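In full-length UniProt numbering, the protein residues as written are 1 to 192.
Beta carbons are placed, not taken as given, at the ideal position from N, Cα and C, and that holds for glycine.
Quick caveat, the model's predicted, so the values are computed rather than measured.
Right, one structure below, let's go through it.
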Amino acid sequence: MIHDKRAALSAYTSNLLSQGRVVFDGREAIEALGINRGAFLDSAERLQRRKLLLNPRHDFYIVVPPQFMSLGAPPPTWYIDALMRHEGNSYYVGLLKAAELHGATHQAVMEFQVVAAKRLPKIRAGRNRVVFYYRKDMETVAAGVVDKKTETGSMRVSSPALTALDILRYSRGAGGLDNIFTVLRDIAPQID
1 MIHDKRAALS AYTSNLLSQG RVVFDGREAI EALGINRGAF LDSAERLQRR
51 KLLLNPRHDF YIVVPPQFMS LGAPPPTWYI DALMRHEGNS YYVGLLKAAE
101 LHGATHQAVM EFQVVAAKRL PKIRAGRNRV VFYYRKDMET VAAGVVDKKT
151 ETGSMRVSSP ALTALDILRY SRGAGGLDNI FTVLRDIAPQ ID
């Protein structure tokens, strides 16, 4: 009987991938599979040990597509919007990651940087590291945040002007003064 439930969760995750989805909520899966929470958690743990599933936050799961098995997780752009909706938190992708998305390519970004309205701990998903920076006044910068399409939906990204301000505000996350000046020079033409 347990084997059937494990296979059911595996089939459920495969079905999600076939629909272009890589994330799901634990409650959603329990309801769809018609199993109890204990059976679901056991099945999810087995899939996590096989590196087919990640659980970075309570009741939030990321399915690892076959093409990302060697990396241990899909890129954060595939799940950051769903994660932040799950957390009930306003956010935007910012700092060096936003600068990279706006064309500043001098430095390889070592972490996926997110500015959020709540203090959140870092996430490690495979080789990816998602780092959160706290911003209390999110509503005041809402005009400087745009939606950007991703492979699995969209995510919120700071505009070039807001990116420049954030790089100065969170200078530790920007990698030092030399890096700050390089990034600002790269994105300056896009600031209106």
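Residues bridged to residue i (per DSSP)
i           : result
residue 128 : 125
residue 150 : 153
residue 116 : 91, 134
residue 60  : 25, 57
residue 145 : 158
Assigned exposure category for residue i - 16 Cβ within 10 Å defines buried
i           : result
residue 94  : buried
residue 58  : exposed
residue 11  : exposed
residue 43  : buried
residue 216 : What is shown of the chain runs 1 to 192, which leaves residue 216 out entirely.
residue 192 : exposed
residue 136 : exposed
residue 143 : exposed
Same chain, Cβ closer than 6 Å to residue i, neighbours up to 5 away in sequence not counted
i           : result
residue 100 : 109
residue 84  : 91
residue 123 : 56, 130
Nonlocal neighbours in the same chain, by C-beta distance under 8 Å from residue i, ignoring five residues either side
i           : result
residue 217 : No statement about residue 217 is possible, as the shown extent of the chain runs from 1 to 192 and does not include it.
residue 177 : 171
residue 187 : 99, 102, 103, 104, 160, 163, 164
Short CB-CB distance (under 9 Å) between residue i and chain C
i           : result
residue 151 : Protein chain content of the structure displayed is limited to a single chain, and chain C is not contained in it.
Contact set for residue i: own chain, Cβ-Cβ below 7 Å, skip 5 residues either direction
i           : result
residue 196 : What the structure shows of the chain is the stretch from 1 to 192, and residue 196 is not part of that stretch, so it cannot be assessed.
residue 30  : 37, 40
residue 65  : 17, 22, 74
Residue nearest to residue i in terms of C-alpha spacing, selected from the options
i           : options           : result
residue 128 : 112, 191, 83, 22  : 112
residue 52  : 22, 150, 32       : 22
residue 125 : 27, 56, 33        : 56
residue 174 : 27, 97, 138       : 97
residue 152 : 63, 46, 45        : 63
residue 133 : 145, 168, 86, 117 : 117
Alpha-carbon spacing of residue i relative to residue j, whole angstroms
i           : j           : result
residue 34  : residue 8   : 10 Å
residue 70  : residue 49  : 14 Å
residue 131 : residue 121 : 7 Å
residue 77  : residue 13  : 19 Å
residue 79  : residue 141 : 23 Å
residue 81  : residue 61  : 13 Å
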